[in-house]
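Our numbering puts the first residue of the sequence shown at 9, with every later residue one more than the last. Glycine included, every Cβ here is placed at the ideal spot set by N, Cα and C.
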Amino acid sequence: MARKQQIKIIGIVIFVAFIFVKCANQMSPPGGDIDKVPPIILSTYPENGTTNFSENSIEFTFSEYVNKRNINDAFFISPLYDGYPEFSWTNKTVYISFPDSLNPNTTYSVIIGTEITDVNNNNNMKEPFILTFSTGSKIDSGKISGKVYTEKSEGTLIFAYKIDTGFVNIYKEKPSYLSQINNKGNYELNGLGNGSYLLFAVKDAFKDLIYNIGDDFIGIPNKIAEITHEKNALSNFNFFIHKEDTLAPNVQSVTMTDKNHIIVEFNEPIDSSKISINNFSIFDSTMNASHPIKYWFNGNPNKHQYILCLTDSLNVKNEFYLYSKNFVDKKGNFTKLEITSFVASEKPDTNEIKIDKIETGFTKSEIDYLKPNFSVSFSDAFNSDLIDNAVKFYTRDSVSIPIKISPINYAKYEVFSESSIKPKENYFFQVDMKHLSDAAGNIVDTVLSKRIVTVNDLDFSGASGFVNKANYENIKVILQEDNKPSSRKQINLATNNTFNFERVIPGKYLIWAYVDADSNNSYSYGLIDTLKFAEVFKFYPDTLNLRARWPVGDIEIDFTK
């Protein structure tokens, strides 16, 4: 009898333990549809808009079980709380306690950000949730809203500094107020009192609420935000974000691949328009002799490579150094001189020159028949003086079309004609390779020919409209492919405040305008150190679906809104 009773007790214990484990592990049930519904916050304590709040804890209840570990990264409070809030959970509710009292007579905005994910399928919250309450008798009603234009919005915060008291050091000081952008780039700052605010959009890589130049992306405002009794809601306070680069570029590696080629790899993109053979030279420290560079051209762009060509033979037993001087990155940072050792190679170069690619700006090697132009890249560099005698552009009836050729580097050339040709016709670009000799003296006696097809007017679209420019001058209008900023086409606003983009390749486009305040013909993002404000810009709100033969007109870009 005692034996049976013992077995029964053990069975009960095992059953209770099993139930406890099942409850403790918040797991999605097997089978069924995949959960794609993001979690939301159902209720809060206190309620939104509460005044005279005197307690030291608040709570948020979610629509489903969420991953508790994410709350530390998702929780923000403005104004910043000096202490360390404590988090505890009961089922779907998080309790946030403040060991040190909240400030009296202060409007607080608490943000639960999109870092929160559900347990079932790691779905992120779609929008940041904002709870506003006050420890005093009134809620400060000041609000600033806008949009951050960036390809990847995750982790981007709005830093707001109240600057009534003077200078702000964004490198050391945490912001007075915070907000988070949603997945469309929009944000709101609530609960602001009257005063002057300096806002920045910061993609905070280290999550330390401090701007770290070179690591964090930043958006600089075009003005200071002023909240007053008369105007306590500011909208369209928008930002472009970029990574500030104040460091000079440097050479990462130098590799001699054969007797005639050296690959130079930089740590970042270099301004190729300012590169020439005079930027490089080879020094033989054993013989105390220099060797010149004959040609150069671009290598792998993803590795920021440049390929140098030389005709002199290097003794592999000697020590060599590459002198790289006066090179500039895309931000204008300058390196005067860098000296890098490398190992000489005696491997012969036996590769013949080939046409690497032809780029036209269209698909399938198509070109416009009005003032046609394209670029041709070769697999190796050669004397650019020889190219004119080597190339020919002609019709299918072998009628030659006059062209001009301009070198981009020693292996890439721009080809263009001032003569209009026929639409929807086949043309041929021919290169007689026996005229071209690389640094090793390789020549191939062959003629390469590439077929190129012209498009016609029916293949194009367009976009036109007008700009309500308010009191601004020197406005530029930009059309760019959606999610492809490098595709920008820029025109000046006409004197009657209209714009017209013609002969546009069909696709989805964004259109926007900016005030070119510094007249450098390029959008200026501003500077932190001197607090140079960014230039004012304005987007047309909709994505344009430009179809062939169906240009879009009456587009209004309004700087007054």
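Check, Outcome
"Using alpha carbons as the reference points, say which of 438, 352, 244 and 220 lies closest to residue 408.", "438"
"Per DSSP, what are the beta-bridge partners of residue 49 in this structure?", "70"
"When you compare the stretch 440 to 458 with the stretch 266 to 284, are there three or more beta-carbon pairs, one atom per stretch, that lie closer than 8 Å?", "yes"
"Going by DSSP in three states, residue 396 sits in which element: helix, strand or coil?", "helix"
"Please list the terminal residues of the continuous alpha helix (DSSP H) segment that includes residue 80.", "79 to 82"
"Can you grab the Cα-Cα spacing for the pair residue 273 / residue 219, in whole Å?", "29 Å"
"Sort 110, 370 and 147 by Cα distance to residue 93 and report the nearest one.", "110"
"Does the stretch 96 to 110 come into contact with the stretch 215 to 235, if we say contact requires no fewer than three beta-carbon pairs (one atom in each stretch) closer than 8 Å?", "no"
"Within 10 angstroms of the Cβ of residue 87, are there 16 or more other Cβ atoms? Answer buried if so, exposed if not.", "buried"
"Pick helix, strand or coil for residue 344, following the three-state DSSP scheme.", "strand"
"Kindly indicate the opening and closing residues of the beta strand (DSSP E) around residue 289.", "288 to 292"
"Let me know the secondary structure DSSP gives residue 237 once reduced to three states.", "coil"
"Tell me whether residue 44 is buried or exposed, calling it buried when 16 or more other Cβ atoms sit within 10 Å of its Cβ.", "exposed"
"Could you tell me the distance, in whole angstroms, from the CA atom of residue 357 to the CA atom of residue 319?", "11 Å"
"In whole angstroms, what separates the C-alpha of residue 223 from that of residue 255?", "12 Å"
"Which runs of the beta strand (DSSP E) spanning at least 3 residues fall entirely within the stretch 475 to 510, listed in chain order?", "483 to 489 and 497 to 500"
"Please report the straight-line C-alpha distance between residue 259 and residue 306, rounded to a whole angstrom.", "15 Å"
"Going straight from the alpha carbon of residue 522 to that of residue 145, what length do you get?", "43 Å"
"Please look up how many angstroms separate the CB atoms of residue 548 and residue 519, rounded, as I've assumed it's under 8 Å.", "5 Å"
"Cα separation between residue 277 and residue 295?", "33 Å"
"Got a sec, what are the start and stop residues for the beta strand (DSSP E) residue 381 sits in?", "381 to 386"
"Along the chain, where does the beta strand (DSSP E) that runs through residue 332 open and close?", "328 to 336"
"Out of 128, 141, 147 and 120, which one is the CA nearest neighbour of residue 134?", "120"
"Just to confirm the assignment: which complete beta strand (DSSP E) runs, minimum length 3, are found wholly within the stretch 88 to 117?", "94 to 98 and 101 to 105"
"Among 183, 175 and 163, which residue has its Cα nearest to the Cα of residue 538?", "175"
"Going along the chain, which residues of its own chain have a beta-carbon closer than 7 Å to the beta-carbon of residue 257, five neighbours each way excluded?", "274, 275, 276, 278, 335, 337, 341 and 343"
"Could you give the residue range of the beta strand (DSSP E) that holds residue 415?", "412 to 415"
"Give me the residue from 149, 328, 333 and 156 with the minimum Cα distance to residue 284.", "333"
"Need the endpoints of the beta strand (DSSP E) that residue 307 sits in, please.", "Taken as a continuous stretch (DSSP letters only), residue 307 belongs to no beta strand (DSSP E), as it is neither H nor E."
"Taking the beta carbon of residue 233 as the centre, do at least 16 other beta carbons fall within 10 Å, making it buried, or is it exposed?", "buried"
"Can you find at least 3 beta carbon pairs, one from the stretch 460 to 469 and one from the stretch 412 to 421, that sit closer than 8 Å?", "no"
"For residue 99, tell me which candidate among 41, 74, 115 and 90 has the shortest Cα-Cα distance.", "74"
"Compare the Cα-Cα distances from residue 71 to each of 57, 206 and 46 and report the closest residue.", "46"
"If the criterion is Cβ atoms closer than 9 Å, does the pair residue 183 and residue 169 meet it?", "yes"
"Return the CA-CA distance between residue 330 and residue 460, expressed in angstroms with no decimal places.", "41 Å"
"Which runs of the beta strand (DSSP E), 3 residues or longer, sit entirely within the stretch 191 to 246?", "194 to 200, 203 to 211, 225 to 227 and 233 to 235"
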